[in-house]
Amino acid sequence: MSKFNLHNIDSAPQDSRPLLEKSQKAFGMIPNLHAVMAEAPGLLDAYQRLHDLVLESSFTDDEKTVVWQTINVEHKCHYCVPAHTFISKSMGVEESISDALRNRTALPSQKLEDLRGFTLRVVQKRGELAPEDFDSFFNAGYSKRQALEVILVLSQKVMSNYVNHFADTPVDAPFARFSWA
1 MSKFNLHNID
11 SAPQDSRPLL
21 EKSQKAFGMI
31 PNLHAVMAEA
41 PGLLDAYQRL
51 HDLVLESSFT
61 DDEKTVVWQT
71 INVEHKCHYC
81 VPAHTFISKS
91 MGVEESISDA
101 LRNRTALPSQ
111 KLEDLRGFTL
121 RVVQKRGELA
131 PEDFDSFFNA
141 GYSKRQALEV
151 ILVLSQKVMS
161 NYVNHFADTP
171 VDAPFARFSW
181 A
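First residue of the sequence shown? That's 1 in UniProt numbering, and the numbers climb one at a time after it.
Shown next, in the form of structure tokens:
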């Protein structure tokens, strides 16, 4: 059971109601993460905006999945790992990529491995990277823009991962078959 309320459109604070309506329209349901975030309208609004910005980033769907899931796994998020497994399937990401990220095993390409390694260094070193921490990332063909976009994704994931730790957010039924521990 969640430590926080799981709001619906009727129970949510007034400023969160249009945001939950947006979630309902986008996902066909109100994900429990959004239902918890609705307690703080500014948080839900910021999270939705960041999500839209991540979708507009220069990363491919495979690369977005690598960054999202690398952070989710590193943060041990019981909710976001299954949710993003579901999302990656809907985006057409190969199952081998999702499985490798969930299980911390080798990815199918060195370029994606370099992206995962860079993302992990950003998280583990809290952004305090040495020049050599960028070498494999840039040598793999990633850009300065994409280095900064890793921070964009991390900002979104800190919001969701930490909320899920605070709230012990129940995993939604569509994501449950991808549960992760």
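We put the beta carbon where it would ideally sit given N, CA and C, even for glycine.
Asked                                                                                                                                                       : Found
With distances taken from CA atoms, which of Ser23, Trp68, Cys77 is nearest Ala167?                                                                         : Cys77
Near Thr70, which residues of its chain fall below 7 Å by C-beta distance, leaving aside the five closest residues on each side in sequence?                : Leu101, Arg116, Thr119, Leu120
What separation, rounded to the nearest whole angstrom, lies between the Cα atoms of Val81 and Ala38?                                                       : 21 Å
State whether the segment 129-149 contacts the segment 10-25, with contact taken as three or more CB pairs (one from each stretch) at a distance under 8 Å. : no
Out of Asn139, Phe178, Trp180, Ala173, which has the shortest C-alpha to C-alpha gap to Asn32?                                                              : Ala173
Determine the extent of the alpha helix (DSSP H) in which Met159 is found, giving its start and end residues.                                               : 144-167
Determine the direct distance from the alpha carbon of Ala26 to that of Gln48, and round the result to whole angstroms.                                     : 11 Å
Alpha carbon to alpha carbon, what distance is there between Ala147 and Phe178?                                                                             : 29 Å
I need the straight-line Cα distance from Gly28 to Asn8, nearest angstrom please.                                                                           : 13 Å
Could you give the uninterrupted runs of the alpha helix (DSSP H) lying entirely in the segment 74-137, keeping only those of 4 residues or more?           : 80-91, 95-103, 110-124
Considering only the beta carbon of each residue, do Thr85 and Ser96 sit closer than 7 Å?                                                                   : no
Answer yes or no: do Phe4 and Val54 have a C-beta to C-beta separation smaller than 7 Å?                                                                    : no
What are the boundary residues of the alpha helix (DSSP H) that includes Ser23?                                                                             : 17-27
Arg104 and Val73 look like a contact to me (Cβ under 8 Å); what is the Cβ gap, rounded to whole Å?                                                          : 7 Å
Using CA coordinates, which residue listed in Tyr79, Pro108, Asp62 is at the minimum distance from Lys89?                                                   : Asp62
Can you name, in chain order, every residue of its own chain whose Cβ lies under 8 Å from the Cβ of Ser58, other than the five neighbours on each side?     : Ser143, Arg145, Gln146, Glu149
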